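Engineer:
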Amino acid sequence: MRSSYDRRDLGGGVYLSQISDPKFKTNTVFIRFMTEYSEKDAAALALIPAVLTSCSAEYPTGTEFNKKLNALYGTTVSGAVNQMGDIYELKISADFLADRYALGGDRISDDVSKLLVGCIFDPAVEQGGFAADEFEMRRKDLLDAIDAEINDKISYAMGLSFETVYRGEARACKYYGSREAVEKVTPAEAYEVYKRVLKKAKVEISFCGHGGFDDAIKVLEKAFKTDRQSWSTPSFLSYSPIKPEPEYVTKHMSVAQANLVMAFKPEKHDLRTAQVLSCVYGGAPFSKLFANVREKMSLCYFCQSIYSETKGTMFVVSAVEFDNIEKAKNEIIRQLSLIADGEVTEDELRSAKLILANSYRSREDKIFLIDDWYACGNLRGEVLTPEEYIEKLNEVTREDVINLAKSFKLDTVYVQRD
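Numbering (the UniProt record's numbering), first residue to last: 1 to 418.
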């Protein structure tokens, strides 16, 4: 049975969605606060979801809060942040057993919703700021995560490349601003930022899972009833302009092999065609980059293309021996030009569409994936089921792929080496 989907406007910039599928035994409620990225507020914004989901005024310590979660059949509550285009998203979620499977008619969803309302509207506060002890623990967690970024060399290199690829755009900045800013932000400053978020952010509430959301929805509807007249409406799609000439950047650091990041930007945008193109180019074991740059020519340990929908940018990331940097770069460019010249077969397109279709269908296997699917559809302004999306994907033609490949231009080459 396919999942059912419904979304409605609660007013004041607050929206509520329901995604039901009886195959799940649990439910998850997601509450997203969407605002624009602000470098001066980034450190506070990065800490807020973790602080909110570790305690509340009713349960002011982590020990008390976790004891309550355990009493709710092991409910988990978590917070995260995300950057999507010009959107900075603060997400709070709770995963809990569906009421139908609770003992003795327990109404877990109702209790979980009340717990979340407490976290959001009545957090643990002291001396005009978030409770200091919990805030400091969350700060340490974030600083540890920042320090660990370098351990994933490719992801680290790609993140650093954004400074050049998206110079002058919000996406050029780290989601936390800077390590120094995280060290300096105070509980009171973060609390002031949070109060502005509550007042101005667009809010998306979604219930996803087995179903039986009615009681929990009533709790959240009442809590989020607002008379706000204006709220943030940042853009999900914020295409990055192509530089007049490609920019080349080399950063030296202690690495055993070079990390090469190349960014291509198109003169026109077509989401589904770009997804098929990226898969044919470097997103699958049969792709041009894998078959030629990695396997046939042995120029890198891996080579993959990644398409960013929100920024309209196609990245190629690879790990390369120092002596092969220039050869790999030239061949990566050449493989895209070959597609633009028509060197792509119908079999390659069918294989790419099949891989993408399987990936989209698999979204319905996990609650957080299917919720993300519809959340992105809302932001895109095109709410389709995975099957409906696949139908449109299958309409992409060989000529579409060739023409879009022609429009992609090299924007940035970022090299991380010794």
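Ideal Cβ placement from N, Cα and C applies to all residues, glycine included. As the structure is a prediction and not an experimental result, all values here were calculated from the model.
#1: Quick check: the Cα distance between residue 213 and residue 3, rounded to an integer number of angstroms?
#2: Measure the beta-carbon distance from residue 191 to residue 128 and round it to whole angstroms, keeping in mind my assumption that it falls under 8 Å.
#3: Check whether the segment 53–71 and the segment 221–234 touch, using three or more Cβ-Cβ pairs below 8 Å as the test.
#4: Counting pairs of Cβ atoms below 8 Å between the segment 46–58 and the segment 134–144, do you hit three or more?
#5: Enumerate in chain order the residues of its own chain whose CB-to-CB distance from residue 204 is below 6 Å, with the five nearest sequence positions on each side excluded.
#6: Can you give the beta carbon distance from residue 149 to residue 156, rounded, assuming they're within the 8 Å contact cut?
#7: Taking the alpha-carbon positions, what's the residue 43 to residue 167 distance?
#8: Kindly indicate which three-state DSSP category residue 129 falls into: helix, strand or coil?
#9: For residue 89, I'd like the list of residues in its chain whose CB is within less than 6 Å of its CB, leaving aside the five on either flank, ordered along the chain.
#10: If we call anything under 8 Å between Cβ atoms a contact, is residue 78 one with residue 96?
#11: Assuming the contact rule is C-beta atoms closer than 8 Å, residue 336 and residue 309 should be a hit. Round their C-beta distance to whole Å, please.
#12: Could you check how far apart the C-beta atoms of residue 300 and residue 319 are, in whole angstroms? I think they sit under 8 Å.
#13: Closer than 7 Å by C-beta to residue 389: which residues in its own chain qualify, once you throw out the five before and the five after it? Chain order, please.
#14: Does the distance from the CB of residue 59 to the CB of residue 102 come in under 8 Å?
#15: Can you grab the Cα-Cα spacing for the pair residue 182 / residue 158, in whole Å?
#16: Mapping DSSP to helix, strand and coil, what is residue 384?
#17: Could you pull the DSSP bridge partners for residue 79 from this structure?
#18: Could you check the C-alpha separation between residue 273 and residue 414 for me, to the nearest Å?
#19: Applying the 10 Å Cβ sphere with the 16-neighbour rule, what's the burial state of residue 262?
#20: Using 8 Å for Cβ pairs, my map puts residue 64 next to residue 232. What's the rounded Cβ distance?
#21: Who pairs with residue 318 in a beta bridge, going by DSSP?
#22: Any idea what DSSP makes of residue 398, helix, strand or coil?
#23: Determine, using beta carbons only, whether residue 277 and residue 405 come nearer to each other than 8 Å.
#24: Rounded to the nearest angstrom, how far is the Cβ of residue 210 from that of residue 386, given a contact under 8 Å?
#25: Can you give me the start and stop residues for the beta strand (DSSP E) that residue 11 sits inside?
#26: Taking the alpha-carbon positions, what's the residue 27 to residue 6 distance?
#27: Check whether the Cβ atoms of residue 293 and residue 355 sit closer than 8 Å, and answer yes or no.
#28: Compute every distance between the C-beta of residue 230 and the non-hydrogen atoms of the ligand SAM, then say whether any falls below 7 Å.
#29: Can you tell me the Cα-Cα spacing of residue 412 and residue 287, whole angstroms?
#30: Assuming residue 113 and residue 29 are in contact, meaning their beta carbons sit under 8 Å apart, how far apart are those beta carbons, in whole angstroms?
#31: In whole angstroms, what separates the C-alpha of residue 99 from that of residue 379?
#32: Going by DSSP in three states, residue 158 sits in which element: helix, strand or coil?
#33: Between 177, 341, 351 and 298, which lies nearest to residue 407 when the distance is taken from Cα to Cα?
#34: Nearest by alpha-carbon distance to residue 255: which of 316, 151, 347 and 297 is it?
#35: In or out: residue 371 buried (at least 16 other Cβ within 10 Å) or exposed?
#36: Taking the continuous alpha helix (DSSP H) assigned at residue 273, which residues delimit it?
Structural biologist: According to the structure data:
#1: In the sequence shown, the residue the question calls residue 213 occupies position 213. In the sequence shown, the residue the question calls residue 3 occupies position 3. Looking at the two C-alpha atoms, the distance is approximately 14 Å.
#2: Against the sequence shown, residue 191 aligns to sequence position 191. Against the sequence shown, residue 128 aligns to sequence position 128. Contact holds; Cβ gap of about 7 Å.
#3: no
#4: The segment 46–58 makes contact with the segment 134–144, as at least three CB pairs between them are under 8 Å.
#5: Residue numbering aside, residue 204 sits at position 204 when the sequence shown is read from its first letter. Around residue 204: 15 and 32.
#6: In the sequence shown, the residue the question calls residue 149 occupies position 149. In the sequence shown, the residue the question calls residue 156 occupies position 156. That belief holds up - the Cβ atoms of residue 149 and residue 156 are roughly 5 Å apart, short of 8 Å.
#7: Here residue 43 refers to the residue found at position 43 when the sequence shown is read from its first residue. Here residue 167 refers to the residue found at position 167 when the sequence shown is read from its first residue. Approximately 20 Å, taken between the alpha carbons.
#8: By 1-based counting over the sequence shown, the position of residue 129 is 129. If DSSP states are grouped into helix, strand and coil, residue 129 belongs with the strands.
#9: The residue given as residue 89 occupies position 89 in the sequence shown. Excluding sequence neighbours, residue 89 sits near 32, 34 and 82.
#10: If you number the sequence shown from 1, residue 78 lands on position 78. If you number the sequence shown from 1, residue 96 lands on position 96. Contact flag unset, no.
#11: For this step, residue 336 is matched to residue 336 along the sequence shown. For this step, residue 309 is matched to residue 309 along the sequence shown. Incorrect: roughly 19 Å between the Cβ atoms, too far for contact.
#12: Reading the sequence shown from its first residue, position 300 is the one you call residue 300. Reading the sequence shown from its first residue, position 319 is the one you call residue 319. That pair is a contact at about 6 Å.
#13: As a working mapping, residue 389 is identified with position 389 in the sequence shown. If we look at residue 389 and ignore the five residues flanking it on each side, its Cβ neighbours are 360.
#14: Numbered from 1 along the sequence shown, position 59 holds the residue referred to as residue 59. Numbered from 1 along the sequence shown, position 102 holds the residue referred to as residue 102. With a cutoff of 8 Å on beta-carbon distance, residue 59 and residue 102 are scored as not near each other.
#15: Here residue 182 is taken as the residue at index 182 of the sequence shown, counted from 1. Here residue 158 is taken as the residue at index 158 of the sequence shown, counted from 1. Rounded to the nearest whole angstrom, the CA to CA distance from residue 182 to residue 158 is 21 Å.
#16: Taking the sequence shown and counting its residues from 1, the one referred to as residue 384 is at position 384. Reduced to three states, the DSSP call for residue 384 is coil.
#17: Working through the sequence shown from its first residue, we reach residue 79 at position 79. Bridge partners of residue 79: 92.
#18: Sequence index remark: in the sequence shown, residue 273 carries index 273 (1-based). Sequence index remark: in the sequence shown, residue 414 carries index 414 (1-based). Approximately 26 Å between the Cα atoms of the pair.
#19: Numbered from 1 along the sequence shown, position 262 holds the residue referred to as residue 262. Buried: at least 16 other Cβ atoms inside 10 Å.
#20: Within the sequence shown, numbered from 1, the residue matching residue 64 stands at position 64. Within the sequence shown, numbered from 1, the residue matching residue 232 stands at position 232. Not confirmed; about 33 Å, so no contact.
#21: Within the sequence shown, numbered from 1, the residue matching residue 318 stands at position 318. For residue 318, the pairing in a beta bridge is given by DSSP as 260 and 303.
#22: As a first step, residue 398 is located in the sequence shown; it is residue number 398 there, counting from the start. Correct three-state label for residue 398: helix.
#23: Within the sequence shown, the letter at position 277 stands for residue 277. Within the sequence shown, the letter at position 405 stands for residue 405. Against a cut-off of 8 Å, the Cβ pair of residue 405 and residue 277 comes out as a contact.
#24: Within the sequence shown, numbered from 1, the residue matching residue 210 stands at position 210. Within the sequence shown, numbered from 1, the residue matching residue 386 stands at position 386. Wrong, their Cβ atoms sit about 19 Å apart, outside the cutoff.
#25: Looking up residue 11 in the sequence shown gives position 11. 4–11 is the span of the beta strand (DSSP E), which, as asked, contains residue 11.
#26: The count along the sequence shown starts at 1 and reaches residue 27 at position 27. The count along the sequence shown starts at 1 and reaches residue 6 at position 6. Cα-Cα distance, rounded: 16 Å.
#27: Looking up residue 293 in the sequence shown gives position 293. Looking up residue 355 in the sequence shown gives position 355. Cβ atoms of residue 293 and residue 355: not closer than 8 Å.
#28: Absence of the ligand SAM is noted for the structure shown, with no ligands found whatsoever.
#29: Residue numbering aside, residue 412 sits at position 412 when the sequence shown is read from its first letter. Residue numbering aside, residue 287 sits at position 287 when the sequence shown is read from its first letter. For residue 412 and residue 287, the distance between alpha carbons rounds to 22 Å.
#30: Residue numbering aside, residue 113 sits at position 113 when the sequence shown is read from its first letter. Residue numbering aside, residue 29 sits at position 29 when the sequence shown is read from its first letter. Contact between residue 113 and residue 29 is confirmed by a C-beta separation of about 7 Å, below the 8 Å threshold.
#31: Position 99 of the sequence shown holds residue 99. Position 379 of the sequence shown holds residue 379. Taking the straight line joining both Cα atoms gives about 30 Å.
#32: For this step, residue 158 is matched to residue 158 along the sequence shown. In this structure, residue 158 counts as helix in the three-state DSSP scheme.
#33: Locating residue 407 in the sequence shown gives position 407, counting from the first residue. Distance check between residue 407 and each of 177, 341, 351 and 298 places 341 closest, using alpha-carbon atoms only.
#34: The residue labelled residue 255 in the question sits at position 255 within the sequence shown. Ranking the options by Cα distance to residue 255, first place goes to 151.
#35: Position 371 of the sequence shown holds residue 371. Under this definition residue 371 is a buried residue.
#36: Here residue 273 refers to the residue found at position 273 when the sequence shown is read from its first residue. Taken as a continuous stretch (DSSP letters only), the alpha helix (DSSP H) holding residue 273 covers 271–282.
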